[in-house]
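A short write-up of the structure that comes next.
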Amino acid sequence: MGLKNMSLILGFLGFVFLQGLLVCTAYNVHNYSFIVKNTFFERLCSNKTMLTVNGGFPGPTIHVRKGDRAYVNVHNEASYGVTIHW
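Just so you know, we're using UniProt numbering here: the sequence shown kicks off at 1 and counts up by one.
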């Protein structure tokens, strides 16, 4: 192999490596804010207090794709500690 061929190969490999880095860093960032609190409901002539997320049950859906980043801020306004399972 001559020096010219070696430099072409190294240049090509460097190009492929840099393109791979650009693809790896091309992700979307999603920010979510959840407020967990006790909410009063009246259904079928029955009153009930239920733990809700952003006023609804079940809570909101998180939409992400593979490689995306999701930042979720959870504000617990309930009268006790809660656990959220993903």
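Ideal placement from N, C-alpha and C gives every residue a C-beta, glycine not left out. As the structure is a prediction and not an experimental result, all values here were calculated from the model.
The C-beta distance from Tyr-27 to Arg-69 rounds to 6 angstroms, short enough to fall under 8 angstroms.
Among the bridge pairs identified by DSSP, Met-6 is matched with none. For Val-36, the uninterrupted beta strand (DSSP E) segment begins and ends at 29-43.
Close CB contacts of Phe-41 within its chain, under the 6 angstroms cut and outside five residues either way in sequence, are with Lys-48, Met-50 (chain order).
Secondary structure of Gly-11 (DSSP, three-state): helix. When C-alpha distances from Phe-57 are compared across Gly-11, Leu-13, Val-36, the shortest belongs to Val-36. In this model, Ala-78 and Val-16 are separated by some 52 angstroms (Cα to Cα).
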